[in-house]
Every structure is written in structure tokens, then in C-alpha cells.
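In order, the protein sequence lines correspond to chains G and A. The first sequence begins at 1 in the numbering used here and counts up by one. The second sequence begins at 1 in the numbering used here and counts up by one.
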Amino acid sequence: MAGEGRSRWPADGANGQVTQRRTGEDRDGFQVRSGRIGRSVMRKDAEEKVTGRAEYTADVSAWGMLHAALLASPYAHARIVSIDTQRAITMPGVRAVVTGADYPQRTGLPIADRPLLAVDVVRYAGEPVALVVADELYQAEAALRQLDVVYHPLPALTSPREAFAPEAVRLHPDLAAYDVQPGEEVWPVPGTNIATHVRIRKGQPESVWSTCDAVVTCDVSFPQAHHAPMETHCVIASVAPDGCVNLVTATQSPYSVPEAIARTFGFRPSDVRVRTPLVGGAFGGKSSVYLEPLAVAATLAVGGRPVKLRCTREQEMRSMPCHIGLEARIRLGARADGRFVAVEITDWFDGGGYSDRGVIVTRAAAQDCTGPYRIDHVHCDAYCMYTNHPPTTSYRGFGHPEQTLVMERAIDLLAEQLRMDPLELRRRNAVRPGDTTPTQARLMRSSVGDVEGCLTRLRSLLPWDGPPVEDRDGEVIAKGISCFWKTSSTPPDASSGALVYVNEDSTVTLLSGLVEIGQGTKTTLAQMVAEVLGLAVEQVRVVMEVDTAEQPEHWKTVASRGSLLAGNAAVRAARDARAQLAATAAVVFQCRPEDVCISNGYAGCPYTSRRIPIGQLSRGYTFPDGHTVGGFVVGRGSYTIERVTLLDPATGRGVPGPEWTVAAQGVVVAFRPRDYTYRVLRAVTVVDVGRVISPNLAEGQLKGGMSMGLSLGSREGYVYGATGSVDNNQLRVYPIHRYGDQPEYRVAFLETPNADAPWGLRGLGEHGVIGMPAALANALSNALGQPVNSMPMTPELLWRLHTGAEVNDR
Amino acid sequence: MQPVTLTVNGWVRTVVVRGSETLLDVLREQMGLTGAKPGCENGDCGACTVLVDGVPQKACLLLAAMAADCRVTTVEGLPRTQLQAAFIRCNAFQCGYCTPGFLVNAHALLACVAHPSERQTQEWLESNICRCTSYEEICEAVRTAADARDNGVAGEDEMPG
Ligand code: FES
Ligand code: FES
């Protein structure tokens with residue numbers, strides 16, 4: 001792994017001798033003191049995960065637990081004529097049947113646009129229509145078949161541009177009356193199918209098109225897709241005698257659940273307690289509050305007894321929010337020297353029947369629409385369209401893989417027109433400190449990584465030399481590259497808290513509301529705490545499970561923001577604990593607190609050889625005569641995101657996130673013109689992560705992301721049947737990457753520090769995915785000798801493009 | 001409902017099952033062995049893989065009644081060998097949900113094939129899906145475990161620090 005620029009933080013002496021620094025919020029306190037930062041460590045959840053003992057939500061059961069099963073609409077768009085529950089309710093074991101008639105209220109964040117269970121009309125195939133609660137799951141499932149629902153099918157809107165047409169039927173005639181979560185940046189357009197319209201206006205594109213020497217236009221599209229975490233959604237809900245709602249749920253957003261449940265059912269948020277054990281993969285798909293309200297409805301129907309509701313894979317793919325689809329048009333102009341002049345982008349996102357997080361994904365795509373390039377004139381309209389497809393939510397990359405495909409295809413087309421090297425064209429336009437983003441946020445060295453550096457490194461690692469296409473034994477070896485950036489679309493008040501307890505055995509325990517979804521951030525937090533307290537990482541325990549009643553809030557485990565938000569909170573909590581220990585030790589040593597040094601589990605000071613185990617200071621220090629000084633040590637830390645402002649609805653002007661992680665990616669493919677098949681031989685990512693905290697975890701995130709991005713680009717996408725339902729809703733026919741599909745992966749890190757984050761780190765959890773579909777599309781366009789502008793890039797698509805067979809006839 | 005006597009991880013137990021109940025459900029719900037996971041319940045993902053008489057099988061496709069008179073081994077019953085250690089050392093899991101299936105499958109591979117080739121490893125492991133890792137790590141872990149065994153490195157209860 002490369003480690004350019006790492007020398008910024010000097011390593012401390014090898015003997016682990018630690019000098020006490022100022023406590024408090026000192027920025028320069030993020031120095032390497034004993035080398036726990038930047039070193040691979042064993043995951044804190046490793047042992048339980050290799051022994052089958054790790055607990056996930058589906059593994060949890062409760063005494064007297066009942067089971068719920070979900071009836072989903074077979075139609076994409078239909079009127080519900082009638083629902084007859086008579087036969088179902090009399091089936092063996094059945095305790096309750098719940099339908100939309102029981103819950104007329106609407107739910108959903110940020111726009112409350114969906115009924116809990118369909119009322120009068122269904123807007124996507126897979127929409128929950130009824131719930132049956134029974135003693136056993138098989139009984140609930142048997143009873144589902146006895147529910148008589150009569151539908152009157154209606155014509156379905158099956159593409160976002162169709163939904164955009166003025167004559168299109170309105171899927172949500174009451175859009176104007178829907179509640180919007182306060183503070184969320186969504187701009188629905190009542191009287192249309194537009195769930196949000198995001199406008200980005202910078203400069204005056206209209207006035208400069210005529211000055212361009214080259215202009216390209218292209219259309220990019222792809223269908224919705226599945227997140228495919230191996231663990232499907234699962235919730236266990238119950239209501240305690242005091243009226244408190246208890247949930248165990250596989251979610252990335254345990255702290256968002258209480259508000260959603262409270263809004264839907266009229267509880268107080270503090271009456272809702274959420275537990276989240278380890279999560280079996282999420283990728284954004286578990287950031288919505290979708291299944292939880294249904295589980296609450298189920299338990300309320302049976303007097304609060306615990307009810308488990310788990311999606312089958314088929315339901316996961318039809319009923320749960322998915323990866324957003326897109327149809328986009330881009331026009332990009334440049335001068336003869338390659339300098340970009342103006343860009344105009346229109347995105348029609350396929351948001352599905354209910355908007356969920358899709359509206360925020362749309363904003364994210366628009367706010368960063370140009371990619372990491374300086375363009376002074378930008379005009380972007382991004383629409384999240386209501387269609388009769390499944391609803392949509394965040395997906396790893398949050399609008400950026402989608403937008404990157406659009407921009408990076410245009411850049412390669414432009415390079416062709418200008419007869420310029422695609423990498424050089426990107427380098428020439430790379431953003432630098434001082435430039436502004438499409439939302440006119442001014443970039444600084446701290447807030448944006450080194451784009452040129454990433455491209456330079458990619459050039460040698462891929463390698464990008466010689467022609468991008470080469471014939472070799474009947475195969476075409478082709479290369480493609482992409483470049484991207486990403487900031488989070490975090491609300492300006494996104495916060496995280498942490499607590500550090502010092503145990504009597506001189507170990508410490510960290511509590512954080514961050515969810516372990518596989519990314520390993522809780523291990524990284526342990527490294528940070530160990531570093532601050534001068535402990536070995538093994539001496540720091542982290543509570544893996546999240547319980548909203550016990551752990552301090554962490555906004556959401558999304559947006560690659562864990563190590564910034566929770567990291568800052570954990571570091572502050574550790575410093576707070578250190579200060580408390582030092583204060584007590586100072587009394588014992590008769591010295592000043594700032595002279596106390598704490599390392600390896602001991603407190604010491606320069607004036608005495610005596611050392612006290614920190615465990616002996618953790619409940620105050622008791623002198624031999626019983627006299628005690630100091631108190632119980634509880635380190636507290638919290639962090640609220642900084643510098644973020646809301647976007648202006650008319651121009652998009654504002655600062656959407658605290659910093660931009662940048663990266664360059666490339667792939668090498670071997671394409672066989674004979675049958676249009678191809679293999680990816682190599683995939684490369686160079687990413688500026690500010691600072692690598694755990695190399696093994698960072699590399700794993702990047703490589704896993706690349707695998708997901710290649711899988712998405714090459715083979716994933718929903719195939720809709722004649723009735724508008726997702727027809728490939730099994731992993732057998734939805735062919736994600738399997739063992740053996742992997743190319744050779746190469747990952748390199750640059751380290752341009754971000755001043756706001758612990759040790760200068762930047763987010764990296766999503767970035768492996770983001771540029772992969774675009775790099776693949778560019779490589780395949782080179783291989784085929786014609787533009788490949790849609791996903792999934794299957795051999796069939798390539799054949800259709802090449803032979804002119806209709807592309808969109810499936 | 002019928003009584004069925006199952007031998008799981010060397011533990012003999014009689015459970016009462018419906019004829020249509022899968023081995024996966026019985027292991028998880030009646031025997032408290034939740035290591036094998038439901039990922040698709042359709043034979044597509046391998047998260048539920050267990051050994052039946054030493055052969056990897058998808059527990060979601062087997063009826064519990066069919067496993068009577070067989071030796072069933074779940075991830076909880078695997079001996080601690082270099083394999084688990086290699087999975088940790090090579091970062092061959094992230095969320096860990098697929099891991100029991102991969103471990104059981106790879107364990108059987110190493111037990112059945114002395115020196116598995118790349119191709120053999122792929123033939124065995126392509127029945128399992130991991131969405132988090134890139135598979136390169138799993139490939140590395142299996143190779144590391146095979147090499148360690150060939151080199152006679154004692155494996156019992158060895159985990160990296
Ligand atoms: S759950 Fe058995 S193969 Fe997926
Ligand atoms: S580690 Fe998450 S699916 Fe393999």
C-alpha cells in the first residue's frame with residue numbers, strides 16, 4: 001500500500017513514553033504518539049464472527065414471540081376494490097390480520113407519502129397490503145393465501161421520463177398535503193410526479209456555449225437495483241406494559257427509528273427503544289425506516305406481544321427500498337485546450353412509488369454533479385420522479401456512482417472529440433483549492449483531496465500508458481478510467497456522542513451509537529481511544545450492539561461519516577477521561593494535572609518513580625487510611641458536524657458537506673468480440689483518504705466496494721415484468737459477483753489531511769464503488785468502439801449496441 | 001408433527017418437526033444453533049451451509065427429517081484450525097453474515113482435497129455469496145490455511161493476536 005505524504009505526523013518515541021498534552025479540543029492533539037494509528041489491527045468482532053456466535057437480528061428470539069408475514073401487491077399500479085380478511089383470521093394459529101383500514105395515517109421520511117399498508121391504491125408491485133400475525137411463521141404464511149384482495153389494475157408508469165411527461169397520470173394527487181420532515185431539503189412539485197426538484201445554477205451556461213470548441217451530448221440510463229446484503233431486513237417489536245415500544249432491528253439508523261415511529265403512531269420518541277445487534281451488510285439499504293412501522297403495527301394488533309417480521313429474499317427485492325434508477329442527459333463543452341467551459345445536466349431519477357431517501361439521493365447527485373473538475377458554468381436539474389417501481393433509498397455512494405457514470409462518459413466522449421488523452425483531459429480540469437463546487441462552496445486544501453495526485457498514481461498503477469485498446473489472441477484488452485469525489489449530504493446538525501469508562505482492571509470500555517455493519521469502524525474507534533489513552537488496542541473494549549437507551553446517539557451509520565463523527569466524539573471522550581484521571585493522579589502525586597502522563601494503563605509523573613494503575617484512579621483514589629479523592633471517571637465526548645449549510649432552493653448555493661474525498665479508478669478488461677463476453681482483469685483505486693487509520697480495514701472497504709461497483713455495472717439491475725413487478729427477485733436470477741469473478745485488485749492511498757477530522761482522516765466507506773461503473777463503461781466503450789452509456793453492461797447489451805438490436809425492449 | 005433424532009456437532013437430540021420443516025429452521029429455532037444463516041432460503045447464497053456426513057449441504061434445501069441418521073456439523077461445531085485464523089488474518093469477512101457458510105464449505109474443501117487448486121477452490125466456493133469482501137481476501141485465506149496445514153503448523157485454538 002502506498003503511503004504518500006504520511007510523514008506529516010511524527011511518530012513518538014518507541015518506548016511508549018507519552019507526553020501529556022493540553023486537554024480539550026486541541027486540533028494539533030491528533031498526533032501519532034505510539035503508533036496505534038496507521039496500523040492494521042484485529043477486528044473487535046473477529047472471534048465471534050468466525051465461530052458462528054455473532055448475533056444478528058434474525059438470531060434474536062423472545063419468549064412467546066409471534067411471527068408476522070407480509071402480503072404484497074402483485075400489481076405495480078392498481079385500485080384496491082376490496083380486502084376480505086374473514087377466511088384468514090380463522091386459520092389455525094392466527095392472532096391478527098392488519099390492513100390499511102386499521103392505519104389511515106401516512107408514514108415515511110423525509111416525505112410522509114406512503115400509507116403503512118396500502119389504502120385504496122397500490123403504487124408498486126411489492127407494496128405491503130396486509131400483515132398476518134400468527135403463533136408460527138408457517139401459519140402466518142398459510143393465512144396470507146386466504147386473504148381475498150380484489151384489485152383493479154391501472155396503467156403503470158414504468159420510467160421516470162414517462163412520469164415526467166405533462167400528460168402522465170399523477171401518482172400522488174395529494175402531494176401538496178403531505179408532511180415533510182422539518183429541516184430536510186426536499187422540494188416536491190404538487191400537481192406533477194416530481195417528488196423533488198433540485199436546481200443547481202452556477203455561472204451562465206447559456207452565454208458561453210458559443211465559446212466552446214467542442215461540445216458533446218449523451219444520454220445515460222440504468223434501472224433500479226438491489227443492495228443485496230446477505231442479511232435481509234428483520235425486526236422484532238413489542239410493547240412493554242408501561243407503553244414503551246421496544247424494537248430489535250437490523251438498521252443503519254437506530255436513532256431515526258424513534259422519531260419515525262413516534263410520528264406514525266403518536267408515541268413520544270423517548271418511548272421508543274431500539275436495539276441493533278451486528279448488521280449483516282447494509283450498503284445504504286438499511287438506512288430507511290421501512291419495515292419497523294409494520295412490525296409496530298403487528299405488535300399493537302396482538303396486545304404488545306413480541307412479533308418478529310423478517311423479509312424473505314424475494315420480499316427484500318420487491319418490497320424494500322432499492323437502489324435508484326436513472327435516465328440522464330448531459331451536455332459538456334470545452335475549449336480546444338481541453339478546459340471545461342460549461343455543463344448542463346438533467347437527471348430523471350426513478351424514485352419509485354414512494355420517495356423515501358430517494359429524494360435526498362437526488363440532491364446529493366446534483367450538488368456534486370460535475371465531479372472533481374473546475375467548471376464555472378453549471379446548470380443542473382435533478383428530478384426524483386414518482387413511478388410505479390419499488391421505492392428507493394440510499395445506496396453505497398449516495399447519488400455519486402450514478403452521477404459519476406453520467407459525467408465520466410461525457411468526458412471520455414469529449415476526449416475523443418478533442419483527440420486528447422482522457423487522463424490528461426481529467427488532469428487538466430482537476431479541482432484545486434480555491435475552486436468552487438457546483439453549489440459554489442469554496443474548496444480549501446483541507447476540504448478537498450488531491451485529484452491530480454490520484455490521477456498521477458493511477459497512471460502508473462493501472463498502468464495507463466500506450467493505447468487504451470490492444471488486440472491479443474482474439475481478445476481485445478481495453479482500459480477505462482474514471483475520477484470522482486464525494487461529500488456527505490449530512491444535515492447541519494448531524495451529531496455523535498461517545499462515553500469512555502475506565503474499568504478497575506485498567507482497561508477501558510467505549511460506548512458509541514455507531515452501528516457495526518461490517519465496515520469495522522468500531523475497531524477503528526478503539527484504535528483512536530487506545531491512542532489517546534496510551535493503551536494497547538486490546539485493552540479497549542467496544543460495545544458492538546447499539547441500544548438507543550444506553551449508548552449516546554450517533555446520527556446514522558451512513559455517508560462514510562462514522563470515523564469523522566463518532567471518531568471525533570470518541571477522541572474527545574477519551575481525552576475527557578484522561579483529564580479526569582490526571583486530575584485525581586495530580587492530587588496523589590502532589591503535582592500539576594498537566595504534569596501527569598498516562599500510558600500503558602498507568603499514571604505517572606516526572607517527579608516520582610511511582611506509577612498508579614488507571615483502574616485504581618477510576619473510582620477516585622483511595623489512600624491507605626480510606627480517605628478518597630476524585631470521583632468515578634466517565635469520559636464524555638460529542639461532535640456535531642461543522643461548516644455545513646442548507647442549499648438555496650433556487651440556485652443550490654450552499655455547503656452540502658464538510659469535505660470531499662477524491663479518487664481515481666481504472667479497470668482493464670479482456671473483451672471477446674466473438675460473443676461479446678468480457679472479463680475484468682484488473683481494477684485499481686487511488687483514493688485520498690486524508691489519513692489511513694487501519695490499513696487492513698481501509699483496504700477491505702475499498703476492495704469490497706470495487707467488487708460491488710463492478711458487479712453493479714456489469715450485471716445488476718431489476719428486470720420488470722409486464723405487470724411492472726421486479727421479475728428477477730432471486731439471487732439465482734439476479735447474478736451478483738461470486739467467488740471467481742474477482743479480478744486483481746490494486747488499492748493505493750494518498751494522505752492529504754482534513755483538519756476537522758481525527759488524524760486528518762476522510763471518509764472512505766463508499767468510495768470503492770463510486771467510479772467503478774464509469775471506469776467499466778469507458779473500458780467497454782473503448783473495447784467495442786462505440787459508446788456504452790447504460791448499465792448493466794451485459795454481453796447482451798454490448799451485442800445489442802453493436803448490432804443495433806433494440807436495447808430497451810425487455 | 002413427528003419426532004426426529006438429529007446428531008448435530010456430536011450432540012444427539014430428538015426434536016419434533018413438521019414434515020416440511022427445513023434443517024435450517026430446526027437448527028436455528030429448536031437447537032439454538034444460529035450460526036447457519038438464512039440468506040435466500042432458496043439454495044442460492046450458501047449462508048446456510050452445514051456439513052451432512054462431512055459434505056457441505058444447504059440447510060435451507062434439506063428437510064430436517066432427511067437429516068436423521070446423519071452427522072450434521074454446523075459452524076459452531078467446526079474444530080478451531082488455521083482456517084478461522086486465516087479468515088481473520090486475511091480480512092476475509094466484514095459483516096460476517098456469509099462467514100459461517102464460507103467457513104463450513106472451505107473446511108470441507110480442505111478436508112476432501114489435499115492441495116486444492118485455484119480452480120477447485122472456485123468450484124467449491126462459488127456456491128456462496130459474499131457481498132462485503134472482494135473474494136480476493138477469502139481466496140487468500142483459504143490458500144493460507146491450506147499452506148499452513150501442508151507445513152504442519154499446529155492449528156488447534158490458534159488465533160492471531
Ligand atoms: S439460505 Fe440456503 S442457500 Fe441461501
Ligand atoms: S462478510 Fe458480509 S456478506 Fe460476506
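Don't be surprised by glycine CBs; every beta carbon is placed ideally from N, CA and C.
The beta-bridge partner set that DSSP reports for residue 246 of chain G consists of G:238, G:273.
Interface flag for residue 696 of chain G against chain A is set, since a Cβ pair is found closer than 9 Å.
Between residue 104 of chain A and the set G:87, G:52, G:68, G:275, the nearest pair of CA atoms involves G:52. At a threshold of 8 Å, residue 70 of chain A does not count as near ligand 2, since its beta carbon sits no closer than that to any of the ligand's heavy atoms. Residue 98 of chain A counts as buried, since no fewer than 16 other beta carbons sit within 10 angstroms of its beta carbon. The Cβ of residue 53 of chain A sits no closer than 9 Å to any Cβ of chain G.
Interface with chain G (9 Å Cβ-Cβ cutoff): residue 94 of chain A is included. The DSSP-derived three-state label of residue 138 of chain G is helix. In this structure, residue 280 of chain G has its beta carbon less than 8 Å from a heavy atom of ligand 2. Put simply, the backbone Cα of residue 218 of chain G is about 12 Å away from that of residue 343 of chain G.
Contact annotation: the segment 755-770 of chain G does not touch the segment 428-443 of chain G, with fewer than three C-beta pairs closer than 8 Å. Against residue 42 of chain A, the close residues of chain G are 313, 730, 732, in the order they occur along the chain (beta-carbon pairs closer than 7 Å).
Within the chosen limit of 8 Å, ligand 2 does not reach the beta carbon of residue 89 of chain G with any heavy atom. Nearest Cα to residue 183 of chain G within the set G:415, G:113, G:251, G:494: G:494. Rounded to the nearest whole angstrom, the C-alpha separation of residue 54 of chain G and residue 79 of chain A is 17 Å. Assigned with DSSP and collapsed to three states, residue 132 of chain A falls in coil, not helix or strand. Counting the other Cβ atoms within 10 Å of the Cβ of residue 298 of chain G gives 16 or more, which makes it buried. In chain order, 134 make up the part of chain A whose C-beta sits under 7 Å from the C-beta of residue 706 of chain G.
In this structure, DSSP gives residue 545 of chain G a state outside helix and strand, which the three-state scheme calls coil. Annotated three-state conformation of residue 713 of chain G is helix, per DSSP. Contact between the segment 129-136 of chain A and the segment 735-747 of chain G is present: 3 or more CB-CB pairs across the two stretches fall below 8 Å. The beta-carbon of residue 74 of chain A is placed less than 9 Å from the nearest beta-carbon of chain G. Contacts with chain G at 9 Å (Cβ-Cβ) do not include residue 112 of chain A. Against chain A, the CB of residue 229 of chain G has a partner CB under 9 Å away; the residue lies at that interface. In this structure, the C-beta of residue 38 of chain A approaches ligand 1 to less than 8 Å from one of its heavy atoms.
Approximately 5 Å separates the beta-carbon atoms of residue 327 of chain G and residue 348 of chain G; this is inside 8 Å, confirming the contact. Shortest Cα-Cα distance from residue 451 of chain G to any of G:797, G:419, G:688 involves G:688. The C-alpha of residue 612 of chain G is placed about 10 Å away from the C-alpha of residue 506 of chain G.
Minimum Cα-Cα distance from residue 385 of chain G among the listed residues G:188, G:242, G:629, G:143 corresponds to G:188. Following the DSSP letters along the chain, one finds residue 385 of chain G inside the beta strand (DSSP E) bounded by residues 377-386. Within chain A, the residues 95 have their CB atoms less than 8 Å from the CB of residue 279 of chain G, given in chain order. Under the 9 Å criterion on CB atoms, residue 517 of chain G is classed as interfacial with respect to chain A. A distance below 6 Å between beta-carbons, with the five flanking residues on each side excluded, links residue 329 of chain G to the following residues of its chain, in chain order: 219, 346. The criterion of a C-beta distance shorter than 9 Å is not satisfied by residue 283 of chain G and residue 161 of chain G. Proximity of chain A to residue 308 of chain G at the Cβ level (cut-off 9 Å) is not reached, the minimal Cβ distance being about 11 Å. Comparing C-alpha distances from residue 657 of chain G to each of G:485, G:224, G:250 shows the shortest one belongs to G:485.
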